[in-house]
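Undergrad: First the structure, which I've put down as structure tokens, then a few questions once you've had a look.
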Amino acid sequence: MSILVDETTTFIVQGITGREAVNLTRECLDYGKGAKVVGGVTPGRLGREVHGVPVFDTVQQAVAHHGAPIDGSVVTVPPAFTKDAVFEAIENGIKTIVIVTERIPRRDVAQMVELAALRGARIIGPNCLGIIVPDVIKMGGIGGPAKDAAKAYSPGPIGVISRSGGMTTEMSSTLTAAGLGQSTAVSIGGDAIIGQSYAELMPLFEADEQTQGIVIYTEPGGRMEAELARWVTENDSRLPIVAFMAGRFMDEMPGMSFGHAGTIVEGKEDTATEKIARLAEAGITVAEEISEIPDIMKAKIAERSVSA
Amino acid sequence: MRFFEYEAREIVKRAGIPVTDYGFTTDAQEAKEIAARIGGPTVIKSQVLSGGRMKAGGVKFADTPEEAEAHAKDILALEINGHVPRGVLVDPRAEFEQEYYAGVVWDGIRKKPVMIFSPVGGIDIEQVAEEQPDKVGRRHFSNILPFGDFEAKEVIASTGVTGSALNRLVPILTRLAKLFVENDMTLAEINPLARLADGSFVALDAHMDMENEARGRHKALLKDLGVGDDETREAREPTAFELAGEAVDSQDHRGVAGNVTEFNGNLGLVIGAGGGSLTLFDAVRKYGGDPANYCEIGGNPSVSKAKGLAKLVLSKPGVDKIAVMMSIVSNTRVDIVARGVIAACLELGMDPAEKIAIFRIPGAWEEEGFKILERYGVEYADRSVSMHEAARRAVEKIGAAS
């Protein structure tokens, strides 16, 4: 199985006529069993096609054309228009929304997340690459062109959750090379406020029989790791977790910001050192190098199956 | 983006929250005039974006306008933690009965703003929260619904405040919540919020932080406050090297090549792909390397951008070699980056094989990229070589060189 998406998932691409979105659509159609991209939306472009996908002015038209509810949307429109596009998707019954767009002010993100919660929808991102179920479906730019994605991702027992889009692929590729495939890999984005955190995705992986372990990529900034540590402890999770923490050097440079908007060092609780300690307390191993992750994971899975 | 106190107070004032009859100036003579207008004891405060003003001598009390002028003269010339003051604030020395605290920040876990209120203000709110938790009220509020009077009442009442103080505080808290939301602040804080002898309240100091991503939609406010488009308000001013990095990035819209931070090492880094740069910088240091810079490159930059960035890093005094490394890339073309960094070496009259310690970018168009690198004798690695191993090799090479 998988989480969030599977081979039956239908989705649209909002902002489909943009250069990156055209590529992204091609990649999704080509990958695995071929994504069911049932429409695209760019206001004013009704009647066009992108790789055979019909383009509409509104999400409402796309849903009417499809003749049934649409499961998901990949949103790749400029930051100033993202909130409205996401509201439009939610109000038209879409339940899984992947926001690719970067540099969205957190007030807008918080509004989208709040409306999604009211309507029973789920937002992944913003500033993320989306979701991939190896050899089955990808929703978003994750892994790049189909042939490149096929090199890095393989089906298997590991769930991957990453704050960095690029590192989702690097870590999955390392797992694949060591014979550990992935059940689902999710790029959740690195901003200060995001739709789904590690802890919020854990119940889905927990319920997924295919998943036997979780690998996370994390960075300084925010309190999501503390939230994960608390969730794991309180829920007696069946899944062993291995983490990789980048940006340790930032501990020595308080007040400077690097990379993702979400990695701005805001306080002592957000530092790499503090996070590593908290994760360790919850039984989550933090690997020193990415190449160590597969062996640590294999040992942890073996340990659990013996004690079970 | 942080605001100076005089700007933060202006924002508070515009929101309809009472402030004192203060004045801001960059001139000691004018400070005297402001003090004379206020007509009574004053406080002269340095306007710097740095903590520890009081300790550094950046806050002084004056009884007469002449004294205010003398203090202003001293403070205007006083650097605090490397920051030259923007000016001074001349503030009436208010006689108050009690100091309160009111602030709004984001909670990333709950994904909502949270109003924090305390009848114990004037000092570190974190400390109060730890030592007297019943004196700090917290209340998360909706991103969609407006912050209501009842919500203000609940958070104030939760700290034991009642009577006319409670009723007078309600509009201050609702206005603070509104200004936080409407101005895309990441922090909006009034501390202290003073209760005067007549029972009225006034903001004696304020801290405001606006989200950089949202600056574009607050142009009118920023213009009114005199904040220039080029004012980054970072913890430290960007260096010439860092500004040159920005210039490379602004060449064209394709990809990112810039966002550099300068250090003093000998190994120049052309690294990237988001979290990849954090990982690689750590890896270089883990193996004892001494980075000359942190940087980001990705999102399919043009050849000229990759070249511009590599040239910048290679030209930095003290840089012996550069390491060109990324995590597996999907939408950045490996061959384009390879072309760019080799062209940079050649244009500077350097041998790519000698100057590029290692090239580790696996991904799109890698075969083409590797061919180009082979032609110039540059050591490269594919995905079978880990990011840490690539960093180790780069450090080893520069060690052998020096």
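Chains as they are written, first to last, in full-length UniProt numbering: chain C, 1 to 308; chain D, 1 to 402.
Even glycine gets a Cβ: it sits at the ideal position worked out from N, Cα and C.
In angstroms with no decimal places, state the Cα-to-Cα distance between proline 134/C and leucine 29/C.
TA: If you take the alpha carbons of proline 134/C and leucine 29/C, they lie about 14 Å apart.
Undergrad: So which residues of chain C does aspartate 184/D contact, with C-beta pairs closer than 7 Å?
TA: Residues of chain C passing the Cβ test: Pro105, Arg107.
Undergrad: So, are the CB atoms of valine 136/D and phenylalanine 117/D less than 9 Å apart?
TA: Taking 9 Å as the Cβ cut-off, valine 136/D and phenylalanine 117/D qualify as a contacting pair.
Undergrad: Starting from leucine 89/D, trace the beta strand (DSSP E) in both directions and tell me its first and last residue.
TA: Leucine 89/D -> beta strand (DSSP E) spans 88-92.
Undergrad: Can you give me, in chain order, the residues of the segment 165-179 of chain C that have a beta carbon less than 8 Å from any beta carbon in chain D?
TA: Listed in sequence order: Gly165, Gly166, Met167, Thr169, Glu170, Ser173, Thr174, Ala177.
Undergrad: Across which residues does DSSP place threonine 10/C in a beta bridge pair?
TA: Answer is Lys36/C.
Undergrad: What do you get for glutamine 132/D, buried or exposed, if any count of 16 or more other CB atoms within 10 angstroms of its CB means buried?
TA: Classification of glutamine 132/D: exposed, given that the 10 Å Cβ count is below 16.
Undergrad: Scan the segment 172-200 of chain D for residues whose Cβ lies nearer than 7 Å to a Cβ of chain C and list them as they occur along the chain.
TA: So the close ones are Val181, Asp184.
Undergrad: So lysine 311/D and alanine 292/D are supposed to be a Cβ contact under 8 Å. How far apart are they, rounded?
TA: Actually they are not in contact, since the Cβ atoms of lysine 311/D and alanine 292/D sit about 14 Å apart, beyond 8 Å.
Undergrad: Please classify glycine 259/C as buried or exposed, where buried requires at least 16 other C-beta atoms within 10 Å of its C-beta.
TA: Only weak support exists for where glycine 259/C lies, its pLDDT of 41 falling under 50; the coordinates are left without a value.
Undergrad: Count the other C-beta atoms from every protein chain shown that fall within 10 angstroms of the C-beta of threonine 162/D, then say buried if there are 16 or more, exposed otherwise.
TA: So threonine 162/D counts as exposed.
Undergrad: Quick check: is the beta carbon of alanine 261/C nearer than 9 Å to any beta carbon in chain D?
TA: Note that alanine 261/C scores 33 on pLDDT, short of 50, meaning its location in the model is unreliable and no value can be drawn from it.
Undergrad: Under 9 Å Cβ-Cβ, which residues of chain C neighbour serine 330/D?
TA: Neighbours of serine 330/D on chain C, chain order: Glu27, Leu129, Gly141, Ile142, Gly143, Gly144, Pro145, Asp148, Ala149, Ala152, Gly165, Gly166, Thr169.
Undergrad: How close, in whole Å, do the beta carbons of glycine 363/D and aspartate 148/C come, if the pair is a contact with beta carbons under 8 Å?
TA: Sure, about 6 Å apart at Cβ, within 8 Å.
Undergrad: Using a Cβ cut-off of 7 Å, pull out every chain C residue sitting near glutamate 211/D, in sequence order please.
TA: Result: Pro105, Arg106.
Undergrad: Mind listing the chain D neighbours of arginine 223/C? Cutoff is C-beta to C-beta under 7 Å, in chain order.
TA: Result: Gly108, Ile109.
Undergrad: Between the alpha carbons of arginine 86/D and serine 46/D, how many angstroms are there, rounded?
TA: So the alpha carbons of these two residues sit roughly 8 Å apart.
Undergrad: Between the alpha carbons of glycine 18/C and threonine 8/C, how many angstroms are there, rounded?
TA: One C-alpha to the other measures close to 26 Å.
Undergrad: At a CB-CB cut-off below 8 Å, which residues of chain D make contact with isoleucine 158/C?
TA: Correct list: empty, because the minimum Cβ distance to chain D is about 17 Å.
Undergrad: To the nearest angstrom, how far is it from the Cα of leucine 279/C to the Cα of alanine 36/D?
TA: Rounded to whole angstroms, leucine 279/C to alanine 36/D spans 59 Å at the Cα level.
Undergrad: Could you name the residues of the same chain whose beta carbon sits closer than 7 Å to that of alanine 390/D, not counting the 5 residues immediately before and after it, in chain order?
TA: Hits under 7 Å: Met325, Ile358, Arg360, Ala381.
Undergrad: Indicate whether glycine 40/C and valine 100/C have their beta-carbon atoms separated by less than 9 Å.
TA: Going by C-beta atoms, glycine 40/C is not nearer than 9 Å to valine 100/C.
Undergrad: Use the C-beta contact count for residue 412/D: other C-beta atoms within 10 angstroms, 16 or more gives buried, fewer gives exposed.
TA: An answer regarding residue 412/D cannot be provided, because it is not within the stretch 1 to 402 covered by chain D.
Undergrad: Quick check: the Cα distance between proline 92/D and glutamate 211/D, rounded to an integer number of angstroms?
TA: Each residue's Cα considered, the two are about 31 Å apart.
Undergrad: What's the call for serine 173/C, buried or exposed, on a 16-neighbour Cβ count within 10 Å?
TA: It is buried - the Cβ of serine 173/C has at least 16 other Cβ atoms within 10 Å.
Undergrad: Would you please state the rounded distance, in angstroms, between the beta carbons of alanine 110/C and isoleucine 97/C? I believe it to be under 8 Å.
TA: Their Cβ separation, rounded to whole angstroms, is 15 Å, which puts alanine 110/C and isoleucine 97/C out of contact at 8 Å.
Undergrad: Quick one, which of Ile172/D, Val48/D, Phe61/D has its alpha-carbon nearest arginine 2/D's?
TA: The option with the nearest alpha carbon to arginine 2/D is Val48/D.
Undergrad: Within 9 Å (strictly less), CB to CB, does isoleucine 358/D reach chain C?
TA: No, no contact with chain C.
Undergrad: Have a look at the DSSP bridge pairing and note the partners of arginine 2/D.
TA: Note: arginine 2/D sits in a beta bridge opposite Asp209/D.
Undergrad: With residue 403/D as the anchor, note down where its beta strand (DSSP E) starts and where it stops.
TA: Because residue 403/D is not part of the residues shown, which for chain D are 1 to 402, the question remains open.
Undergrad: Mapping DSSP to helix, strand and coil, what is glutamate 189/D?
TA: If DSSP states are grouped into helix, strand and coil, glutamate 189/D belongs with the strands.
Undergrad: Once the 5 residues before and after proline 79/C are set aside, which same chain residues still bring their CB inside 7 Å of it?
TA: Cβ within range, chain order: Thr101, Arg103, Ile104.
Undergrad: Please name the residue, chosen from Val38/C, Asp236/C, Asp208/C, that lies closest to histidine 66/C on a Cα-to-Cα basis.
TA: When each option's Cα is compared against that of histidine 66/C, the closest is Val38/C.
Undergrad: At which residues does the alpha helix (DSSP H) containing proline 79/C begin and terminate?
TA: Residues 79-91.
Undergrad: Quick check on this structure: which residue in Val227/D, Ile190/D, Phe147/D, Glu154/D has the alpha carbon closest to the alpha carbon of tyrosine 101/D?
TA: Residue Ile190/D is the option with its Cα nearest to tyrosine 101/D.
Undergrad: Using beta-carbon positions only, say whether proline 54/C and alanine 64/C come within less than 9 Å of one another.
TA: Against a cut-off of 9 Å, the Cβ pair of alanine 64/C and proline 54/C comes out as no contact.
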